[in-house]
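Trainee: No gaps in the numbering here: position 204 of the sequence shown is 327 in this note's numbering, and each next residue is one more.
By construction, the Cβ of each residue, glycine as well, lies at the ideal position given by its N, Cα and C atoms.
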Amino acid sequence: MSYSFDYDLGKLPKEFFREIAKIVDNQKLHKKMGNVSKLIVKRFKVNNILGIQVEDAISIVEDLIEVNLNTAIKREKFKGEKEKVLLLPHCCRKYMDSRCKAKVDKEVSSYLCAHCSENCLANKATKLGESKGYKVFILPGGSCIKKILDKVNCEVVFAIACPEEINMCVELVENRGKTCIGVPLTKNGCSNTKFSLATLKKALI
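1) Can you give me the C-alpha to C-alpha distance between G252 and I175, rounded to a whole angstrom?
2) With a threshold of 8 Å on Cβ separation, who are the neighbours of R198 within its own chain once the five nearest residues in sequence on each side are excluded?
3) For the region 173 to 191 and the region 271 to 279, state whether three or more C-beta atom pairs, one from each stretch, are separated by less than 8 Å.
4) Please say whether E294 and Y126 have beta carbons closer to each other than 8 Å?
5) Tell me whether T162 sits in a helix, a strand or coil according to DSSP, three-state version.
6) Helix, strand or coil: which one does DSSP assign to I196?
7) Give me the residue from A248, I289, V169, S266 with the minimum Cα distance to S319.
8) Are the beta-carbon atoms belonging to L211 and V259 less than 8 Å from one another?
9) Can you check the region 242 to 294 for any beta strand (DSSP E) of at least 3 residues that lies completely inside it and give the ranges in chain order?
10) Assign K134 to one of three DSSP states: helix, strand, or coil.
11) Give a yes or no on contact between the region 225 to 242 and the region 297 to 317, applying the rule of three or more CB pairs nearer than 8 Å.
12) Check the C-beta distance from A282 over to I289 and give it rounded, since I have them as a contact under 8 Å.
13) In three-state DSSP terms, what is V296?
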């Protein structure tokens, strides 16, 4: 289940992301996670800038830290793996109607990018993933993950989604004895969602 609120992390200052990275590098977490998240929200006025409740701001900061820490710890496990899957959210497509020519893979209830629009974020991410040896699926919903794990041979999974959804995906995938990391959406919603291609390129192995 995704957040009940919309956010756009692009509104936050770069120093906010540097602070998250610093916390992850120190890896002095979980016992103090709540306090750290509250301090970050207060320092950067996250709730005010994003226009959300304080509790929601704390939740998203906690999730961001957890996603980034998980990726920092487990990214090395992707090295040498041949069977890799990259999961993209369908809401990052340029078009959400018939102008998108993505084909439906009925076996896993997911889309396969047809590379129909050069400036489509899903297209760019698909090309990047395929160049790194990933099988790329564009998901209309989180329920498709189980089908992909059942039908597609893979050892590692890379997910792009809201921080909360990535953490749920990590739990689901790792219950199958596989490894999962991800890059969070910087802007969520039902359409026109965004993530950093530069961050994805740096994170993919």
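Mentor: A quick look at the data gives this:
1) The C-alpha of G252 lies about 33 Å from the C-alpha of I175.
2) Within the same chain, R198 has close Cβ partners I304, A326, I328.
3) These segments do not touch.
4) Taking 8 Å as the cut-off, the Cβ atoms of Y126 and E294 do not count as close.
5) It should be pointed out that residue 162 corresponds to Leu in this sequence rather than to Thr. It is helical.
6) Judged by DSSP in its simplified three-state form, I196 adopts helix.
7) Comparing Cα positions, the closest option is A248.
8) Cβ atoms of L211 and V259: closer than 8 Å.
9) 257 to 262, 279 to 284, all fully within the region 242 to 294.
10) DSSP places K134 in helix when its eight states are reduced to three.
11) Contact between the region 225 to 242 and the region 297 to 317 is absent, because fewer than three Cβ pairs lie under 8 Å.
12) Between the beta-carbon of A282 and that of I289 there is about 5 Å, and that keeps the pair under the 8 Å contact cut.
13) DSSP places V296 within a helical segment (H, G or I) once states are collapsed to three.
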